[in-house]
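The block underneath contains the structure these notes are about, expressed in structure tokens.
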Amino acid sequence: MFFRILSMVTYMEKYQRIRDLREDKDKTQREVGEAINVPQRTYAYYESGERMIPPHVLIALAAYHGVSVDYLLGLTDKREPYPRGKQRT
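The numbering used here numbers the first residue of the sequence shown as 87 and each following residue consecutively.
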């Protein structure tokens with residue numbers, strides 16, 4: 087029971103952050119969805135917590151908003167994305 091409640095709190099925080107970031111930019115769900123290649127209805131499900139956000143969508147949202155995935159997940163309050171390391175060849 088405790089883990090279920092903790093999980094719900096974590097999701098609510100995460101979804102609130104993506105909503106806040108969208109509203110800070112005065113964008114609609116449709117506009118953000120189009121930018122990250124997700125239908126508006128699916129994006130609305132992510133914001134409302136009705137669906138879990140897949141990793142590839144989290145990465146796209148972080149890139150779109152210029153924040154780290156950790157920020158979206160509520161693991162940090164620091165918005166800046168991490169610097170990219172050297173690419174392996």
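Idealized CB from N, CA, C, for every residue including glycine.
By the Cβ-count criterion, HIS142 is exposed, with fewer than 16 other Cβ atoms from all chains shown falling within 10 Å of its own Cβ. ALA149 and THR162 have their alpha carbons spaced roughly 16 Å apart.
With respect to the 8 Å criterion, ARG105 and GLU136 are not classified as neighbours on the basis of their beta carbons. DSSP assignment within the region 116–158 yields no whole beta strand (DSSP E) run of 3 residues or more. Taking all protein chains shown into account, TYR168 has fewer than 16 neighbouring C-beta atoms within 10 Å of its C-beta and is therefore exposed. Taking 8 Å as the cut-off, the beta carbon of TYR101 is found no closer than this to the beta carbon of GLN115. Rounded to the nearest whole angstrom, the C-alpha separation of GLY160 and SER154 is 10 Å.
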